[in-house]
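Under the numbering used here, read the sequence shown as residues 12 to 319, first letter to last.
Beta carbons are placed, not taken as given, at the ideal position from N, Cα and C, and that holds for glycine.
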Amino acid sequence: MALDTSTAALCQNLAAQGGPAFHEMEVADCRAAFAQLVEMTQGEIQSIHAVEDRTIDGPNGEIPIRIYTPRETGDALGVLVLFHGGGWVIGDLDTHDNMCRHFANRADVVVVAVDYRLAPEHKFPAGHDDAIAATEWVHANASSLGADASKLAVTGDSAGGNMAAVVAQQLKGKVAFQMLIYPATDFSETAYASREKFGTGEYLLSNEDMAWFGAQLTDDPAALLDAKASPIAGDLSGLAPALTITAGFDPLVDEGKAYADALAAAGVPSEYKCFEGTIHGFVSLPGALEAGGEALAFLSEKLKAALS
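See below:
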């Protein structure tokens with residue numbers, strides 16, 4: 012399998028620019044560079060019925076959230092809690108704003124995006140605690156959002172997919188569906204072949220980048236072996252049905268597949284799809300990558316069916 016045409020073009024363009032890799036930048040510069048990449052490649056901003064920024068109480072202060080409502084809610088819609096990607100260090104509500112709009116409009120759900128605390132200012136498990144607390148709040152307050160608490164799904168990409176998987180475990184029985192987008196699932200020393208094959212730096216995310224993100228996340232790597240950081244180490248029995256998607260040229264593709272397989276082995280309804288010709292992060296870049304647009308449509312269709 013080769014890179015698809017649009018992905019190959021983006022990779023060539025990024026290589027020609029010769030900019031620093033994520034792990035070669037200061038944190039503030041890395042955040043700005045990621046925001047710029049998304050802004051340039053996210054495609055047309057989707058219009059939506061209503062967007063509201065607000066704050067809720069968290070375990071260590073207020074948590075900002077952004078609520079997307081696709082239409083007047085005469086009936087209670089499903090609700091999707093979204094955790095943005097970015098290695099627990101970069102990304103924010105704005106980098107994933109258009110993704111939220113797509114899901115809200117296409118799946119006809121309320122979307123609540125969570126601005127969890129980032130490392131290195133806030134080490135693990137601060138962000139994960141925020142994700143759990145925010146989902147608890149959405150479940151308890153769903154009716155005030157025009158949503159049905161029994162139709163609550165969680166999602167996220169990369170680090171956000173990790174958090175969605177963790178929340179689905181921590182709040183078993185409250186989460187009805189988990190939609191995991193190229194999730195990081197395993198901080199152990201398991202030798203995943205895709206890390207060696209695709210982590211060399213040509214495909215946006217490298218092994219050095221991942222090591223850098225992990226070093227920002229905690230000063231105690233052993234802490235990340237717990238199921239609260241490595242969901243593949245958790246008790247998977249009785250979890251909500253799951254959909255996991257990956258990218259064929261992603262260092263994380265093997266552990267995403269491994270988690271989907273582990274869910275299935277534990278008796279969880281687990282659907283898996285790999286977008287073979289593209290790279291990590293593609294769902295955030297639909298303006299540049301055809302697979303990004305295809306994935307947004309695919310995910311939205313599956314989400315709508317799961318919460319109907």
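- As computed with DSSP, D141 is found in no beta bridge at all.
- Comparing alpha-carbon positions, the option among F45, A170, G89, W99 lying closest to G267 turns out to be A170.
- A straight line joining the alpha-carbon of E213 with that of L263 spans about 14 angstroms.
- In the structure shown, Y203 adopts coil according to DSSP, grouped into three states.
- For the pair L247 and A271, the CB atoms are not nearer than the 8 angstroms cut-off.
- Of all alpha-carbon atoms in L318, C285, E312, the one lying nearest the alpha-carbon of A302 is that of C285.
- Along the length of the segment 152 to 221, whole beta strand (DSSP E) runs at least 3 residues long occupy 158 to 168, 188 to 192, reported in chain order.
- One thing to note: F135 has its Cβ no nearer than 8 angstroms to the Cβ of L215.
- Relative to A175, the option among T84, E312, H95 whose CA is nearest is H95.
- When DSSP assignments are scanned along the segment 22 to 90, the uninterrupted stretches of alpha helix (DSSP H) that are 4 or more residues long and fall wholly within it turn out to be 38 to 52.
- For I256, the beta-bridge partners assigned by DSSP are I192, K284.
- Rounded to whole angstroms, the gap between the alpha carbons of D265 and F45 is 24 angstroms.
- By the neighbour-count definition (other C-beta atoms within 10 Å, threshold 16), S17 is a buried residue.
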